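Residue numbers for the sequence shown follow the numbering used here, so the first one is 135 and each next one is one higher.
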Amino acid sequence: MSRAAPARPAVPTTEPEPKALDVEQPRWPFEVQVVRSTRRKRTVGAQMKGDVLFVTVPSWMSRAEEAVWRDRWADRFRRKANADRVDLRERSTTLARRYDLPRPREIHWSDGMKSQWGSCTPSISTIRLSSRLAAFPSWVLDYVIVHELAHLVVLAHNDEFWRIVHQFPKSERAIGYLIARSDDAEDID
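This is the structure we're talking about:
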């Protein structure tokens, strides 16, 4: 019985090319750098300088906590950047005309909306929209605006209200999209 010499492991002469799935796409339209600070004791802060978001964390913070805070701040700045590009007044006026609905006196983004996509106060004709919508497709934002404009006419979610809302051609699709992006299906009201 002859014995074969153990095979030598192949030594690559060059780095293997990364597979398409290994290439990480940037989540944000700007660079994010985490700065560890011995002066910072309990709080986390963020500041945009040019095209770089600097997230400052306490030096004692774990890498996992650092990643959570980095993502949280970067997502907030991304939403803000997207929201700044949308003229809500113009968009709501266009949709109000198209669907024969009243125009709101005021419409603006709200960073504080965690459990709703939009809110309407018919008595003073104002609409607030969750800034999370700024990252969604335009037809989803348009649906939420039409939904809130309909509340300027009908307060309840009754048949008349849904008849108005369903004039928007992509209403069912937008509702499905919002449900998929919600923790709770109740969020779309």
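By construction, the Cβ of each residue, glycine as well, lies at the ideal position given by its N, Cα and C atoms. Keep in mind it's a predicted model, so treat the numbers as computed, not measured.
Asked                                                                                                                                                             : Found
Find the nearest neighbour of residue 258 within the set 221, 241, 247, judged by alpha-carbon distance.                                                          : 241
What residue does the beta strand (DSSP E) around residue 260 start on, and which one ends it?                                                                    : 260–264
Buried or exposed for residue 204, going by 16 or more other Cβ atoms inside 10 Å?                                                                                : buried
Which partner residues of residue 183 appear in the DSSP bridge assignment?                                                                                       : 186
Helix, strand or coil: which one does DSSP assign to residue 299?                                                                                                 : helix
Since residue 174 and residue 190 are thought to touch, with beta carbons under 8 angstroms apart, how far apart are those beta carbons, to the nearest angstrom? : 6 angstroms
Measuring alpha carbon to alpha carbon, tell me which residue in 195, 298, 267 is nearest residue 212.                                                            : 267
By DSSP's criteria, residue 334 is part of a beta bridge. Which residues make up the other side?                                                                  : Look at the range of the chain in this structure, 135 to 323, and you will see that residue 334 is not part of it.
What three-state label does DSSP hand residue 285 in the structure shown?                                                                                         : helix
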